[in-house]
Amino acid sequence: MVYKTLNNGVKIPMIGIGVYNIPERDTQRVVEEAVSVGYRNIDTAAMYYNERGVGDAVRSCGVPREELFVTTKICDSCYTREQTLRSVDHSIHELRLDYVDLMLIHWPVGNPTTMWQTLEELYKKGLFRAIGVSNFYPNTFPKIAAHSEVMPAVNQCETHVLYQQRKMLDYLKPYNVALEAWSPLAEGRHGIIKNPTLVRIGEKYGKTAAQIALKFLIQNDIIIIPKTTRIERMKENIQLFDFTLSEEDLNEIHKLDTGHNVTGWPSDALKYNPMTLI
Numbered sequence: 087m088v089y090k091t092l093n094n095g096v097k098i099p100m101i102g103i104g105v106y107n108i109p110e111r112d113t114q115r116v117v118e119e120a121v122s123v124g125y126r127n128i129d130t131a132a133m134y135y136n137e138r139g140v141g142d143a144v145r146s147c148g149v150p151r152e153e154l155f156v157t158t159k160i161c162d163s164c165y166t167r168e169q170t171l172r173s174v175d176h177s178i179h180e181l182r183l184d185y186v187d188l189m190l191i192h193w194p195v196g197n198p199t200t201m202w203q204t205l206e207e208l209y210k211k212g213l214f215r216a217i218g219v220s221n222f223y224p225n226t227f228p229k230i231a232a233h234s235e236v237m238p239a240v241n242q243c244e245t246h247v248l249y250q251q252r253k254m255l256d257y258l259k260p261y262n263v264a265l266e267a268w269s270p271l272a273e274g275r276h277g278i279i280k281n282p283t284l285v286r287i288g289e290k291y292g293k294t295a296a297q298i299a300l301k302f303l304i305q306n307d308i309i310i311i312p313k314t315t316r317i318e319r320m321k322e323n324i325q326l327f328d329f330t331l332s333e334e335d336l337n338e339i340h341k342l343d344t345g346h347n348v349t350g351w352p353s354d355a356l357k358y359n360p361m362t363l364i
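Just so we're aligned, residue 87 is where the sequence shown starts under this note's numbering, counting upward by one.
Written as structure tokens, this is what we have:
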């Protein structure tokens, strides 16, 4: 496994397993299988309603807790410190873990400044090893950066070969904030798994189009959390460190960038009701 050092010195595995939309009854099995084939980074959220399954897997998988990196995200629309504390308490109760490796604000709604200041407080007490944000773009990220004592370690956004987030990478660089990709395979949309460019490049390396799409992100220093419930796909998705894409290949893949998100989730705060943003 390859690790990235975050801006506070904490190391995060460059590839993890995402559990979005996995029913809680299946989550423990999925995470245990992922750990068994080498994953050490697990990403969940309060709104996924499967934190309990993640926590059960962490305790039962046989790998020491300190070797696993667990991310979760607090519920949306917290406006006060008390609401934020309740949201954090809920996640900690569901996970039943002594600490969380990375706690994120899931969306820039509610009162992000108050939420962030509360996470800073808990981070300083050692409840989290790192804190960050998700789905914050240049018109919402400054709400955090301008009022922070602790700079976010991560900004998690939709990122894949069809939406490469090159502007976001450049934007985050001066802040030394890592970009983490959710839906790094674009949820399989727009024929990404059969894309002719990715298939052709994959043939050169004996890899699938999906592996090429994921490796492209890794080589651009982007953390990835592909989601699958199938162990054969887990094995495929993690087999990314025995080859390196050439500059020519990277340039070809750059041409696939549409500059637009494909999942239907908002990709910038302008698509939110501005009355929910403080």
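All C-beta atoms in this analysis are idealised placements derived from N, C-alpha and C, irrespective of residue type, glycine included.
In this structure, the straight-line span from the alpha carbon of Q250 to that of L92 is close to 21 angstroms. Here the stretch 158-167 makes contact with the stretch 180-200; the two share three or more CB pairs at distances below 8 angstroms. Per DSSP, the beta bridge partners of N241 are V219, L265. In the displayed model, N337 falls within a helix according to three-state DSSP. In this structure the stretch 270-281 does not touch the stretch 221-239; the number of beta carbon pairs closer than 8 angstroms is below three.
Annotation for E273: T349 place their beta carbon closer than 7 angstroms to its own, counting only its chain and skipping 5 residues before and after. Contact between the stretch 123-133 and the stretch 330-344 is absent: fewer than 3 CB-CB pairs across the two stretches fall below 8 angstroms.
Residue pairing by DSSP places T157 opposite D129, L188 in a beta bridge.
With a cutoff of 7 angstroms on beta-carbon distance, V96 and A216 are scored as near each other.
Leaving aside the five residues that flank A143 on each side, the residues in its chain whose CB is nearer than 6 angstroms to its CB run, in chain order, Q114, V117, E118. Note on geometry: alpha-carbon atoms of G102 and I108 lie some 15 angstroms from one another. The beta-bridge partner set that DSSP reports for P99 consists of Y89. The beta carbons of L331 and F302 sit about 6 angstroms from each other, so the pair counts as a contact at 8 angstroms. According to DSSP, I309 shares a beta bridge with E266. The beta-bridge partner set that DSSP reports for H276 is empty. Shown here for M254: same chain residues with a beta carbon closer than 7 angstroms to its own, the five before and five after excluded, namely C243, L265 in chain order.
By the beta-carbon neighbour count (other beta carbons within 10 angstroms, threshold 16), W268 is buried. In this structure, L300 places its C-beta atom within 7 angstroms of the C-beta atom of I310.
When beta bridges are read from the DSSP output, Y249 appears opposite H246. Approximately 17 angstroms separates the beta-carbon atoms of P260 and K229; this is outside 8 angstroms, ruling out the contact. Inclusion of V105 and N136 in the CB contact set at 7 angstroms is warranted, their separation being smaller than that value. One alpha carbon belongs to V219, the other to K290, and they sit about 37 angstroms apart. Secondary structure at G139: helix, using DSSP grouped into helix, strand and coil.
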